[in-house]
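Trainee: First to last, the sequence lines map onto chains A, B and C.
Each residue of the first sequence is one higher than the last, beginning at 344 in this note's numbering.
Each residue of the second sequence is one higher than the last, beginning at 462 in this note's numbering.
Each residue of the third sequence is one higher than the last, beginning at 24 in this note's numbering.
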Amino acid sequence: MTQLRNIEHAEIVHRCFRCGYCKFPEDYIDFNCPSYKAFGWDTYSPGGRMWLIRAWLNDEIKTSERFAEILYSCVACDNCKNQCVFPKFKDFLPEIFQEAKAELVGEGKIPPGVRDYFKAIATNGNPYKLPQSERGKWAEGTGLQKYAGQDYLFYVGCVGSYDEVGQKMARSVGRVLLGAGLSLGISGSEEICDGNEVRILGEMGLFAKLAGDNIEKFKAQGVKKIVTLDPHALNVFKKDYPGLGGNFQVFHFTEILARLIKEKKISLGPYAAKITYHDPCYLGRHNQIYGPPRDILKAIDGVELVEMHRNALNAFCCGGGGGNFFTDILGTGEDSAGRVRVLEALETGARIIAVACPSCAKMLSDAVKMENLEDKLEVLGIAEIIERAAKK
Amino acid sequence: MYKLKWKEKVCATCPSADCLLKCQYMSFSGHDEAHGEMMKVCRGEDSRVLHECATCYACEEYCTRGNHPFYLISERREEKGLFTAPRPITNQWINMTQMQGKYMVGPIKDKALSCCYIPDLGILGQGEIFKDVASAVAFGAEFMCPAVHTHFARMSVITERLPKVIDNFAKLGVKEVICLHDECYGTFTAIADAYGIEVPFKPVYYMDFVLDRMKELKDRIKPLNIKVAYQRPCSNRLIPDKFPLVYEILDLIGVEIPDREYQGENCLCCGEIIRSVSGYKLADDVQERNLNDMIAAGASHCVFNCPACQSSLSEKVVKKGLKPIHIIDLCKIAIGEKEREVL
Amino acid sequence: MSDILKSLIEIVGERGVSNAPEEIWYYSRDPGVLTPRKPDYVVAPKTTEQVQKIVQLACREKIPVVPMGNGMSLTGLVIPLKGGIVLDMKRMNQILEVNSKARYAVLEGGTSQGVLKAHLQEHYPHLRHSLPDAPPATTIAANVALHGQGRLTNQYGFNSDMVTGMEIVLPTGEVCKIGSPSLGPYWFSKGPTLPDLSGLFLGWLGTTGIITKVGLKLFPNKKIRDVELFVTDRVELIPDILYKLTHLEMLEDINVWFQPKPLMFLGNFHVTIYFTGDTDEEIAFKRKMVWDTLQEFIDAKDGGFMAVQYMKGMLLEMPQRAIADFADVPKGGGFEYSGPITIVEHFPQYAAKVVELAKKYDVLYASSARMISGGLCMMFSISFAFNRNDPAMMTRVKHALDEATAFALDMGGIPWKPNFMEQKMTMQKMEPGALKLMQMIKKNLDPQGIMNPGNWEVNS
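(1) Anyone know if the C-beta pair for Phe604/B and Glu637/B falls short of 8 Å?
(2) Report, in whole angstroms, the separation of the C-beta atoms of Lys781/B and Ile756/B, which I expect to be a contact under 8 Å.
(3) If we count the other Cβ atoms within 10 Å of its Cβ and call it buried at 16 or more, is Pro353/C buried or exposed?
(4) Under 8 Å between C-beta atoms, does Pro68/C make it to chain A?
(5) Report yes if the CB atom of Ile118/C is closer than 8 Å to the CB atom of Asp63/C, and no otherwise.
(6) At least one CB of chain C closer than 8 Å to the CB of Ile550/B: is that the case?
(7) Would His496/B be called buried (16 or more neighbouring beta carbons within 10 Å of its own) or exposed?
(8) Tell me the residue span of the alpha helix (DSSP H) that contains Leu225/C.
(9) Measure the C-alpha to C-alpha separation of Lys380/A and Leu31/C and round it to an integer number of angstroms.
(10) Cutting at 8 Å between CB atoms, please list the residues of its own chain near Leu57/C, excluding the five before and the five after it.
(11) The beta strand (DSSP E) spanning Ala697/A covers which residue range?
(12) Give a yes or no on contact between the region 725-735 of chain A and the region 506-520 of chain A, applying the rule of three or more CB pairs nearer than 8 Å.
(13) Rank Asp370/A, Phe440/A and Ala523/A by C-alpha distance to the C-alpha of Met393/A and give the top, closest one.
(14) Does Thr305/A come within less than 8 Å of chain C when only Cβ atoms are used?
(15) Going by DSSP, name the residue or residues bridged to Cys416/B.
(16) So with Cβ pairs under 8 Å, would you call Pro155/C a contact of chain A?
(17) Counting only beta-carbon separations shorter than 8 Å, does Met95/C have a partner in chain A?
(18) Work out the CA separation of Phe600/B and Ile599/A for me, nearest whole Å.
(19) Work out the CA separation of Val683/A and Ile696/A for me, nearest whole Å.
(20) Please say whether Leu274/C and Phe298/C have beta carbons closer to each other than 8 Å?
(21) Rounding to the nearest angstrom, what Cα-Cα distance links Gly555/A and Met547/A in this structure?
(22) Which runs of the alpha helix (DSSP H) fall wholly inside the region 594-646 of chain B and span at least 4 residues, in chain order?
(23) Looking at C-alpha atoms only, which residue of Leu223/C, Phe288/C, Lys311/C and Ser361/C is the closest neighbour of Met334/C?
(24) Who are the near neighbours of Ser391/C in its chain, counting only those whose CB is closer than 6 Å to its CB and skipping five residues on each side?
(25) Expressed to the nearest angstrom, what Euclidean distance is found between the alpha-carbon atoms of Glu33/C and Ser702/A?
(26) Which residue marks the beginning of the alpha helix (DSSP H) containing Pro574/A, and which one marks its end?
(27) For Met344/A, which residues from the same chain have a beta carbon less than 8 Å from its beta carbon, with the 5 sequence-adjacent residues on both sides left out?
(28) Quick one: which residues of the region 324-357 of chain C get their C-beta closer than 8 Å to a C-beta of chain B? List them in chain order.
(29) At 3 residues or longer, and completely inside the region 193-223 of chain C: list those beta strand (DSSP E) runs for me, N to C.
(30) Cys420/A and Pro377/A look like a contact to me (Cβ under 8 Å); what is the Cβ gap, rounded to whole Å?
(31) Tyr127/C: buried (16+ other C-beta within 10 angstroms of its C-beta) or exposed?
(32) Which of helix, strand or coil does DSSP assign to Asn541/C?
(33) For Glu259/C, count neighbouring Cβ atoms within 10 angstroms of its own Cβ and tell me buried if that reaches 16, exposed if not.
(34) May I ask you to report which of helix, strand or coil DSSP gives Glu305/C?
(35) In or out: Gln488/C buried (at least 16 other Cβ within 10 Å) or exposed?
(36) Using DSSP bridges, identify the partner residues of Leu481/B.
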């Protein structure tokens with residue numbers, strides 16, 4: 344039986360020429376699409392995905408496990424959107440991929456990892472299936488208080504709340520912000536998942552619920568300004584919440600830290616280190632925040648900031664975007680994004696990879712181990728680097 | 462059909478013949494020769510002026526007796542088929558600026574901000590200085606002053622298109638049109654007047670607007686303390702009374718314009734049109750003299766009024782060690798809206 | 024699982040072979056207008072040895088093998104006309120060597136144009152290769168296999184002339200080296216002074232073997248590139264204009280193009296003239312030579328130099344993204360062109376034909392010609408955009424292109440990267456002796472007829 348499928352942008356899917364510009368960064372040094380790099384089939388590239396979506400909408404191919412894998416291996420890094428040569432059409436590439444995933448969710452034919460992720464969020468409120476009551480545990484000993492009308496709500500997100508690497512990052516950001524005299528509070532055990540990954544994975548019902556709950560809660564608490572640990576949260580708060588009635592001033596912690604350093608509210612001592620900075624997709628390409636993290640590092644006496652070949656608009660994703668952090672569809676093979684990325688960092692001669700996203704922190708830390716580079720490379724959050732440089 | 466308002470008697474009785482004697486691209490032995498050549502043009506006879514004029518617009522400024530020597534030269538050239546540029550170049554300009562319904566109009570009440578058909582102007586016309594009018598943009602061939610075709614001696618294109626452009630603005634119901642392109646203001650005032658084309662709105666020269674705004678924003682101005690050279694565009698010859706505004710604006714933001722040979726009435730063309738009309742040798746020579754003069758005057762920046770001049774000269778300006786910048790951008794830097802580092 | 028699939032997995036591992044409907048669907052077509060045809064397997068080798076084993080298997084089982092780069096010929100050269108295996112070569116993408124002093128590079132058979140460009144830019148900024156304006160994902164081996172052209176074709180000939188040695192997996196699965204690498208470690212000659220065996224593979228569109236390594240000439244990369252744009256509305260002057268320009272013997276590249284949209288281009292023929300230099304003086308001198316040589320056309324008001332400033336970024340870009348952009352002019356994501364190689368004198372007739380065909384078939388045209396070897400000949404592209412959602416338009420484009428190829432053959436031109444139908448038309452017109460020689464070669468090299476069958480089918 345012919346299945347009738349439709350997605351919002353079905354009318355323009357055929358405009359892809361599959362020319363392959365989308366696979367590359369601006370200078371073509373290497374493939375910059377993590378799923379294409381990892382799988383090596385044209386079908387796993389943005390153009391391939393686009394042509395298959397067209398075939399699928401026309402019922403020339405059926406829904407299958409592989410088709411779902413092809414869609415869900417996309418890390419939503421937005422590289423393709425920036426490199427596609429077709430004006431106007433290019434802006435809709437990520438939407439088309441997202442809409443196709445949402446359609447798959449509707450059909451109930453999604454990879455097990457994705458299904459488990461939705462289930463965990465719906466049941467436990469987090470993908471780790473850990474109790475909600477433990478969500479604020481990470482903050483113990485930092486001095487961070489519950490949000491009660493402070494200037495900023497510090498929103499941490501699932502990775503920062505539950506993952507060990509993320510927690511470490513969250514604690515250091517909390518300590519540095521507090522130390523600089525910023526008035527902020529956390530939601531702790533009452534924090535709700537932001538829903539960025541749920542949305543990109545296509546579970547729009549669950550997303551609406553999460554976003555609605557968050558907006559209601561933020562409003563009830565009188566939240567005006569939010570500082571996020573996670574660029575993914577920053578993204579969804581900035582791009583999707585306003586349309587649902589949630590208008591808040593949203594900042595990433597690196598923006599606040601850069602400002603505090605400029606205002607001399609954080610005093611920095613010397614710290615001699617060669618550091619390279621990895622741009623998180625949701626901070627960089629999605630929200631064009633490239634400067635503040637670099638300004639912070641440059642403000643530290645003794646830090647030599649060296650760029651990886653692919654940086655800023657052309658940065659290669661850590662592989663954790665688009666829910667892959669949880670679903671692990673890209674896998675951990677030698678062409679998986681994290682491993683490729685840490686080798687690129689190694690080439691710069693840096694000893695430290697500075698990160699500004701808890702997912703990147705975790706993905707790259709794992710990749711460093713997998714490549715046996717622990718004695719050569721350290722993955723550190725920007726605030727952790729500030730703490731190392733802090734005047735004693 | 463609109464006809465050029467031309468008074469032959471005014472020319473016949475001209476004691477100075479400044480229109481041609483002051484010309485920087487043709488030389489004449491004295492009043493008699495210059496006057497004689499201009500009278501040939503008046504009478505519709507062949508004259509070397511019709512072959513040698515570089516179309517710099519300057520004679521419109523040099524003539525202080527209210528006649529229009531440049532428009533007349535262009536009219537005569539068209540009548541005789543003595544076109545200035547190669548045919549494909551002329552036609553390209555005509556095709557490129559054809560109205561095709563691909564215009565952009567913002568929410569407009571009684572004021573419009575005209576960006577002509579120059580995308581760069583859309584960016585310049587934003588920010589604090591233009592905050593009340595920035596959204597009321599009119600952009601596209603439908604709103605483009607057709608004056609450029611004078612360079613190609615296609616006055617018929619102007620008389621055909623200008624009334625339509627004016628009508629397009631009138632249809633927006635505007636009382637005022639703030640012209641970000643120098644040439645638009647010159648067209649709606651000087652050219653329209655010379656051809657008796659009625660303009661049912663008030664054209665506002667952007668420098669008048671900017672000067673007023675900068676006075677309002679005076680508290681925010683931090684003097685830039687730089688020395689610049691100013692590249693006066695050809696179209697400014699149509700509206701010489703507006704030239705002093707440059708000095709007023711730059712003075713307000715702490716920018717000095719040291720005297721130099723090729724400024725004011727003696728300014729040189731940016732060279733782009735000359736390249737098409739008179740060849741690269743003259744164009745290169747004009748650009749070289751102009752830029753060397755800027756450097757000799759001690760300027761660190763070349764300040765532009767017209768984006769077309771900026772586009773044609775910028776690469777050379779940079780190679781000479783000067784920095785190209787539009788006067789509006791200088792103002793934006795002075796009020797702290799743009800990073801001072803770009804200086 | 025079939026025995027063949029099992030064997031393929033043994034050779035390349037599970038992630039190197041697919042017969043899933045998704046890959047089968049995708050690899051059965053290219054972005055042009057030809058009808059898709061499904062492969063049985065898509066295989067992505069990583070080494071020459073794997074390619075050998077795959078071909079040996081195919082030879083044993085008499086399964087067609089279609090080597091593929093990025094599949095952007097647009098003329099269906101990687102559509103598996105008789106099924107079998109599509110060999111996606113793009114995982115063999117290592118730059119094996121750059122000999123900076125001799126100016127050559129040795130690359131694996133799936134290395135893309137973009138990667139080589141970026142690699143040279145980063146590590147050998149004084150070197151460049153003849154980059155085509157095809158998208159950067161296209162591969163170097165495929166480009167030379169179909170006699171592609173690039174930025175340096177006016178100066179140095181077809182990109183296939185720039186090959187400096189090859190490693191080939193023959194249709195029997197044996198491997199051989201062509202040219203100087205057959206005798207030693209250096210990759211500086213594809214033939215001379217030996218019998219030039221490269222001709223057994225270049226231009227054969229993968230029907231005589233698979234290029235697993237290719238040596239490629241590199242050229243000096245001057246510090247400055249610049250461009251001028253000359254326009255005329257008299258098409259009959261184009262050959263003279265080009266003759267004068269090529270006489271200068273100092274230009275990087277010359278393209279002539281015309282298109283009806285946007286309106287500013289209507290009615291004119293545009294000659295884009297590229298030149299390079301290491302100093303401003305060198306550039307200024309070359310520009311002066313270019314201007315002077317065309318002065319007579321300017322004096323006659325028949326031609327002139329456009330203000331190029333605002334288009335410079337686009338024109339100097341390599342590859343030019345705007346070329347792929349043409350595909351989306353009718354908002355439909357496709358174009359295809361017939362690109363015959365012909366003598367320059369015929370430009371006016373070809374130009375007239377483009378306009379005639381566009382009108383007859385009601386399709387949108389753009390045309391661009393590139394000088395080859397200093398004016399010896401040119402590639403004249405007759406290019407039509409189409410909307411992929413409009414099958415009728417695609418059919419009209421196909422017919423227009425067929426007619427263009429018939430016209431080119433009538434005019435004594437040679438179709439470039441011809442599709443299988445155009446190959447047939449070409450062979451029908453070919454002098455019998457030449458055809459017989461092709462038959463002998465094909466029969467001897469590929470006795471089973473497994474290499475990209477349906478293409479250059481001289482035996483049928």
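The beta carbon of each residue, even a glycine, is placed where N, CA and C say it ideally should be.
A quick note: this is a predicted structure, and the numbers were derived from the prediction, not measured.
Mentor: The answer reads as follows:
(1) A distance of 8 Å or more separates the beta carbons of Phe604/B and Glu637/B.
(2) 6 Å
(3) By the 16-neighbour rule on beta-carbons within 10 angstroms, Pro353/C is buried.
(4) no
(5) no
(6) yes
(7) His496/B sits buried, since 16 or more C-beta atoms from the chains shown fall within 10 Å of its C-beta.
(8) Leu225/C -> no alpha helix (DSSP H), and no H or E assigned at all.
(9) 22 Å
(10) Thr98, Gly99, Ile102, Lys421 and Asn442
(11) Ile695 to Val698
(12) yes
(13) Phe440/A
(14) The question about residue 305/A has no answer, for chain A in this structure spans 344 to 735.
(15) Residue 416/B cannot be examined here, being either before or after the span of chain B that is shown, 462 to 804.
(16) no
(17) Yes, Met95/C counts as interfacial toward chain A.
(18) 39 Å
(19) 13 Å
(20) yes
(21) 12 Å
(22) 616-632
(23) Nearest of Leu223/C, Phe288/C, Lys311/C and Ser361/C to Met334/C, Cα basis: Phe288/C.
(24) Asn278, Trp280 and Ser404
(25) Distance between the alpha carbons of Glu33/C and Ser702/A is about 36 Å.
(26) Pro574 to Lys582
(27) In this prediction, Met344/A has a pLDDT of 41, which is less than 50 and means its spatial position is unreliable; what the coordinates show is noted afterwards. Around Met344/A: no qualifying Cβ.
(28) Legend: CB atoms of the region 324-357 of chain C lying less than 8 Å from CB atoms of chain B belong to residues Lys324, Asp325, Gly326, Gly327, Phe328, Met329, Ala330, Gln332 and Tyr333.
(29) 198-201
(30) 6 Å
(31) buried
(32) Outside the shown range of chain C, which is 24 to 483, sits residue 541/C, and nothing can be said about it.
(33) exposed
(34) helix
(35) Nothing in the structure corresponds to residue 488/C, since chain C is present only between 24 and 483.
(36) Its beta-bridge partners do not exist; DSSP assigns none.
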